[in-house]
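Contents: one structure, followed by commentary.
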Ligand SMILES: Nc1ncnc2c1ncn2[C@@H]1O[C@H](COP(=O)(O)OP(=O)(O)OP(=O)(O)O)[C@@H](O)[C@H]1O
Ligand SMILES: [Mg+2]
């Protein structure tokens with residue numbers, strides 16, 4: 006990414022109606038990736054569970070600089086002023102939102118945002134819930150005007166399951182482009198518990214997990230979209246790179 010010329014920050018919001026689908030995990034990983042590139046990056050934690058803030062507090066001192074804004078005040082909820090606390094000069098701003106988000110709640114979070122990432126677990130029940138969310142989203146002004154692009158990330162994917170195979174074969178059923186597939190791995194919990202991310206290690210044991218991220222990073226414009234990245238891990242199948250237009254149900 007070229008940050009040599011002044012440009013507005015890339016603002017990425019993580020949101021879903023379902024809880025526990027990986028919003029915080031994705032958000033902190035994207036922030037960690039951007040920080041590791043040397044890009045001035047801010048992670049905004051808008052959730053009273055403070056998962057992203059706690060991960061940030063655990064980061065070892067030698068970690069690349071990453072600014073945190075903890076937007077939630079447990080007594081008063083999300084402070085309206087959080088967006089004013091994002092320091093100027095950031096090139097990437099990642100905003101983690103609480104569970105149970107409905108599209109009309111999103112307005113405050115997506116103002117000035119360009120990307121909305123919706124993590125989803127590959128299951129029929131989650132797909133139905135997500136489809137309602139996609140229908141609501143398609144009516145948001147920010148999406149209708151083209152200001153905000155939406156991508157779905159299948160997370161906690163279990164290889165060789167029917168649910169995953171069905172979604173990989175019929176990504177159009179999701180109602181928005183599928184821009185990444187991340188497999189389930191205990192490594193994530195272990196790393197997050199240490200204040201680390203996958204991008205802080207270059208162990209060959211983590212190579213498959215790192216490969217999973219390549220289509221999403223390329224979609225964000227953060228890495229070159231190589232052939233390898235467009236067709237990610239053969240175990241996961243053709244996951245990303247299929248542009249499916251956002252469609253009302
Ligand atoms: N790909 C994955 N493999 C294994 N564990 C994962 C993966 N993604 C997320 N998890 C774990 O699942 C749990 C929920 O993830 P996370 O907290 O990121 O979800 P969330 O959507 O932010 O949840 P909430 O809605 O409560 O804010 C965490 O324990 C996290 O470490
Ligand atoms: Mg969370």
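Numbering (the numbering used here), first residue to last: 6 to 254.
Just so it is clear, CB atoms sit at the ideal spot from N, CA and C, and this is done for glycine as well.
Here the structure is a predicted model, which is why all the values come from computation and not from measurement.
| task | Closer than 8 angstroms by C-beta to residue 51: which residues in its own chain qualify, once you throw out the five before and the five after it? Chain order, please. | result | Taking the first residue of the chain shown as 1, we reach residue 51 at position 46. The answer, listed in chain order, is 76, 77, 83, 87, 100, 101, 102, 103 and 114.
| query | Based on the DSSP output, what are the partners of residue 46 in its beta bridges? | reply | Against the chain shown, residue 46 aligns to sequence position 41. Residue 46 is bridged to 97.
| field | Cut-off 7 angstroms between Cβ atoms - residues of its own chain near residue 57, not counting five sequence neighbours on either side | value | Along the chain shown, read from residue 1 onward, the residue named residue 57 stands at position 52. Around residue 57, the same chain offers 29, 32, 33, 48, 50 and 101 as residues with beta carbons nearer than 7 angstroms, after the five sequence neighbours per side are excluded.
| query | Can you name, in chain order, every residue of its own chain whose Cβ lies under 7 angstroms from the Cβ of residue 106, other than the five neighbours on each side? | reply | Indexing the chain shown from 1 puts residue 106 at position 101. The residues are 20, 21 and 22.
| Where are the alpha helix (DSSP H) runs, 4 residues long or more, that stay fully inside the region 206–235, in chain order? | Runs of alpha helix (DSSP H) with 4 or more residues, each lying fully within the region 206–235, are found at 212–224 and 232–235, listed in chain order.
| Those runs of the alpha helix (DSSP H) which lie wholly inside the region 65–153 and span at least 4 residues | Segments of the alpha helix (DSSP H) lying fully in the region 65–153: 112–115, 129–142 and 146–149.
| request: Starting from residue 188, trace the beta strand (DSSP E) both ways and give me its first and last residue. | output: As a first step, residue 188 must be located in the chain shown, where it is residue number 183. For residue 188, the uninterrupted beta strand (DSSP E) segment begins and ends at 183–188.
| query | Under three-state DSSP, which class holds residue 164? | reply | In the chain shown, the residue the question calls residue 164 occupies position 159. In the structure shown, residue 164 adopts coil according to DSSP, grouped into three states.
| Start-to-end residues for the alpha helix (DSSP H) that takes in residue 191 | Taking the chain shown and counting its residues from 1, one reaches residue 191 at position 186. Its alpha helix (DSSP H) spans residues 191–198.
| Within the present structure, is the beta-carbon of residue 101 separated from the nearest heavy atom of ligand 2 by less than 7 angstroms? | Here residue 101 refers to the residue found at position 96 of the chain shown. With a threshold of 7 angstroms, the Cβ atom of residue 101 counts as near ligand 2, since some heavy atom of the ligand is closer than that.
| query | Going by the CB atoms, is the gap between residue 187 and residue 158 shorter than 8 angstroms? | reply | Numbered from its first residue, the chain shown carries residue 158 at position 153. Numbered from its first residue, the chain shown carries residue 187 at position 182. Yes, the Cβ-Cβ distance between residue 158 and residue 187 is below 8 angstroms.
| said: Nearer than 7 angstroms: is that true of the beta carbon of residue 131 relative to any heavy atom of ligand 1? | reply: In the chain shown, residue 131 corresponds to position 126, counting from 1. No - ligand 1 has no heavy atom lying nearer than 7 angstroms to the Cβ of residue 131.
| request: Please state whether DSSP places residue 38 in a helix, a strand or coil. | output: The count along the chain shown starts at 1 and reaches residue 38 at position 33. Residue state, collapsed to three classes: helix.
| Taking residue 218 as the reference, which of 209, 54, 69 and 204 has the closest Cα? | One-based indexing of the chain shown puts residue 218 at position 213. Distance check between residue 218 and each of 209, 54, 69 and 204 places 204 closest, using alpha-carbon atoms only.
| task | Would you grab the beta carbon distance between residue 184 and residue 224 for me? Rounded to a whole angstrom, and I think it's under 8 angstroms. | result | For the purposes of this step, residue 184 is taken as residue 179 along the chain shown, with counting starting at 1. For the purposes of this step, residue 224 is taken as residue 219 along the chain shown, with counting starting at 1. Contact flag correct, Cβ pair sits at about 4 angstroms.
| request: Give the single residue among 141, 173 and 117 whose Cα lies nearest to the Cα of residue 129. | output: Stepping through the chain shown from its first residue, residue 129 is reached at position 124. When only C-alpha atoms are compared, the closest one is 173.
| task | Indicate, with yes or no, if ligand 2 has a heavy atom lying under 7 angstroms from the CB of residue 23. | result | By 1-based counting over the chain shown, the position of residue 23 is 18. Checking the Cβ of residue 23 against ligand 2 gives no.
| Counted within 10 angstroms of its Cβ, other Cβ atoms place residue 156 as buried (16 or more) or exposed | In the chain shown, the residue the question calls residue 156 occupies position 151. Sixteen is the threshold: when 16 or more other Cβ atoms of the shown chains lie within 10 Å of the Cβ of residue 156, as they do, the residue is buried.
| request: Using only the heavy atoms of ligand 1, determine whether one of them is closer than 7 angstroms to the beta carbon of residue 184. | output: Looking up residue 184 in the chain shown gives position 179. Ligand 1 never approaches residue 184 closely enough for any of its heavy atoms to be under 7 angstroms from the residue's Cβ.
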